[in-house]
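To start, the structure itself, in structure tokens.
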Amino acid sequence: MSAPIVIIGASHGGVQLAASLRQLGCEDKIILYSAEDVLPYHRPPLSKAFLSGEKDLDQILLRGPAFYEDHGIDLRLSDPVTSIDLTTRRLAARSGVQNFSRLILATGSKARELKAPGSDLQNIFTLRSLGDVLRLKQAMLDARDIVIIGGGFIGLEFASTAAKLGKNVTVIEARERLLMRALPASVGDFLRDYHAGHNVQFHFNANFAEFEGADGKLHAIRLADGTRIKADMALVGIGGEADLALLAPLGLNMIAGGIEVDEFGRTSIEDVYALGDVAASANMLVNEPMRLESVQNAVDQAKAVAAHMLGQDAPAPVVPWFWTDQYDLKVQMAGLSRPGAVQTIRGDVEGNAFSVLETMDGRLVALFSINRAADHMAARRLIAEGAPLDMNLAADASVPLMKAVAKP
18 MSAPIVIIGA SHGGVQLAAS LRQLGCEDKI ILYSAEDVLP YHRPPLSKAF LSGEKDLDQI
78 LLRGPAFYED HGIDLRLSDP VTSIDLTTRR LAARSGVQNF SRLILATGSK ARELKAPGSD
138 LQNIFTLRSL GDVLRLKQAM LDARDIVIIG GGFIGLEFAS TAAKLGKNVT VIEARERLLM
198 RALPASVGDF LRDYHAGHNV QFHFNANFAE FEGADGKLHA IRLADGTRIK ADMALVGIGG
258 EADLALLAPL GLNMIAGGIE VDEFGRTSIE DVYALGDVAA SANMLVNEPM RLESVQNAVD
318 QAKAVAAHML GQDAPAPVVP WFWTDQYDLK VQMAGLSRPG AVQTIRGDVE GNAFSVLETM
378 DGRLVALFSI NRAADHMAAR RLIAEGAPLD MNLAADASVP LMKAVAKP
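Residues 18 to 425 (the numbering used here) make up the sequence shown, in order.
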């Protein structure tokens, strides 16, 4: 009997890979390692519905407890892998030594640390895991003045949740506007104004200096220009990085902050794959390796890896897409923004329902929508097809976007 297939990391990508292998007929033993002590769960709700109490743990599980047993997936909870030997094809975990035939690395990403004076004070958090959120929820019960360092997606999602709970919220952003690398200025500025309408305060072009406190408790944060902001709780949301602590010694090719893989998730070493946040690869829109931290990317990569492992045709490449919920806003992104793209606004900005189209040579390369889900779905198809648009029709929100394709 051959050694089992081993997957390290039981989040969206790892669980999808195990499921896809079974769906495609794989009969090998599958072991799925998780360092956490709970069943794998959806991560997007952590900073939103789970944090606010609208959903409990059972409602955010990726699969129910019976799924793993019914599909012959050996899910090993509270079992972190501590070392890997690719020469002998063995790894060591808390539960002991395990052989493997093929190894899939799905270790995900971790929160980037803010190393600053006072960072050891109480009530300073990051938000990546269920454990993080449980600690946050407890601290929020008594918190009144919350400072968020970093105006990225997680920071803004947390800001919206905290503001709805009546907290005094301040966001510290090092750049001149929100999400400069991810969103057009018009969308970033709209989100800023929407948050401000919910009494969230902002400091832009702000360089963080230190956490201040006494008796081990956080009292304030101080900026480099001397500004002091009252705080009894802080969230550090300055981005993530691939979790490579276990993987760096393996000799795999690294690029763009992750493990270099091809379109099938293959690394530079035979029978070793990587997927999700830890992997860097080209995609259908950008022909150079990059890491994409999104559920969609992890799930789609897992499907491609499973197909390749079983010698089957991989699914067609998928346009990258992402979403975030803030207050009553559904913010959706399709494609990737390009330098020099032409921007067109469609819809009702004042009515909180609009899209920003980015085109190059008359073809859609990215779309950013607020409460216009139909535009988002159409954009994913139009970007994949590379169809030229009639921009007069595309700018008219009364015309379905799919009907804005230019006639020959």
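Every residue gets a Cβ at the ideal spot worked out from N, C-alpha and C, and that includes glycine.
Simplified DSSP state of residue i, which is helix, strand or coil
| i | result |
| --- | --- |
| ALA412 | coil |
| LYS234 | strand |
| THR13 | The structure shown does not extend to residue 13, since the chain spans only 18 to 425, so no value can be given for it. |
| LEU147 | helix |
| PRO405 | strand |
| ALA251 | strand |
| ASP73 | coil |
| GLU375 | strand |
| GLU367 | coil |
| GLY243 | coil |
| PHE221 | coil |
| ASP345 | coil |
| GLN329 | coil |
| VAL114 | strand |
| GLY282 | coil |
| SER504 | This structure cannot settle anything about residue 504, because the visible part of the chain is limited to 18 through 425. |
| SER51 | coil |
| LEU103 | coil |
| ALA109 | strand |
| ASP392 | helix |
CB-CB length for residue i against residue j, believed under 8 Å
| i | j | result |
| --- | --- | --- |
| GLY26 | ALA123 | 3 Å |
| MET250 | LEU269 | In fact, because the Cβ distance is near 39 Å, the residues do not count as touching under 8 Å. |
| LEU49 | ALA324 | That belief does not hold up - the Cβ atoms of LEU49 and ALA324 are roughly 18 Å apart, past 8 Å. |
| LEU63 | LEU196 | Not really, about 19 Å apart at Cβ, beyond 8 Å. |
| ALA110 | ASP96 | 5 Å |
| LEU261 | PHE142 | With a Cβ gap of about 23 Å, LEU261 and PHE142 do not count as contacting. |
| ARG389 | ALA370 | 6 Å |
| LEU34 | VAL322 | 6 Å |
| GLU258 | SER126 | 6 Å |
Inter-residue Cα distance where the pair is residue i and residue j
| i | j | result |
| --- | --- | --- |
| PHE228 | PRO306 | 37 Å |
| THR99 | SER177 | 37 Å |
| SER28 | ILE77 | 12 Å |
| GLY70 | LEU309 | 29 Å |
| VAL32 | PHE67 | 20 Å |
| GLY73 | ALA248 | Correcting the residue type first, residue 73 is Asp in the shown sequence and not Gly. Going from the Cα of ASP73 to the Cα of ALA248 covers about 28 Å. |
| LEU208 | ILE47 | 44 Å |
| GLN360 | MET301 | 21 Å |
| LEU147 | LYS132 | 23 Å |
| ASP87 | ARG93 | 15 Å |
| ALA202 | ASP91 | 47 Å |
| GLY254 | ALA160 | 18 Å |
| VAL416 | ASP407 | 11 Å |
| ALA396 | VAL278 | 27 Å |
| GLY183 | ASP149 | 21 Å |
| TYR344 | GLU174 | 8 Å |
| ARG60 | PHE225 | 28 Å |
| SER37 | ALA299 | 22 Å |
| ASP413 | ASP232 | 59 Å |
| HIS393 | ARG198 | 19 Å |
| LYS181 | VAL217 | 10 Å |
| GLY427 | ALA237 | What is shown of the chain runs 18 to 425, which leaves residue 427 out entirely. |
| VAL373 | GLU44 | 46 Å |
| PRO134 | GLY113 | 39 Å |
| PHE84 | ARG39 | 11 Å |
| ALA179 | LEU151 | 14 Å |
| ALA297 | VAL23 | 20 Å |
| PHE339 | VAL348 | 8 Å |
| VAL186 | GLN155 | 17 Å |
Burial state of residue i (16 or more Cβ within 10 Å)
| i | result |
| --- | --- |
| LYS424 | exposed |
| MET157 | buried |
| VAL303 | exposed |
| GLN139 | exposed |
| GLU375 | buried |
| GLY30 | buried |
| GLU193 | exposed |
| LEU327 | exposed |
| PRO82 | exposed |
| GLY89 | exposed |
| PRO57 | buried |
| ASP378 | exposed |
| PRO266 | exposed |
| ASN337 | Here residue 337 turns out to be Pro, not Asn, going by the sequence shown. Burial call: buried. |
| GLY364 | buried |
| GLU190 | buried |
| THR341 | buried |
Exercise. Touch check for the stretch 273–290 and the stretch 300–320: three-plus C-beta pairs under 8 Å?
Worked result: Three or more pairs of CB atoms, one per stretch, sit closer than 8 Å, so the stretch 273–290 contacts the stretch 300–320.
For this session: Examine the Cβ distances between the stretch 204–214 and the stretch 238–247 and report whether three or more of them are shorter than 8 Å.
Result: Inter-segment contact for the stretch 204–214 and the stretch 238–247 is absent: fewer than three beta-carbon pairs are separated by less than 8 Å.
Exercise. Do the stretch 216–225 and the stretch 167–187 make contact, defined as three or more Cβ pairs closer than 8 Å?
Worked result: With a cut-off of 8 Å, the stretch 167–187 and the stretch 216–225 count as touching, because enough Cβ pairs lie within range.
Exercise. Quick check: the stretch 101–120 against the stretch 287–294, are there 3 or more CB pairs under 8 Å?
Worked result: Yes: at least three Cβ pairs fall under 8 Å.
For this session: Check whether the stretch 340–354 touches the stretch 377–387, counting contact only when three or more Cβ pairs, one atom from each stretch, lie closer than 8 Å.
Result: By the Cβ criterion, the stretch 340–354 is in contact with the stretch 377–387, since at least three pairs of Cβ atoms, one from each stretch, lie closer than 8 Å.
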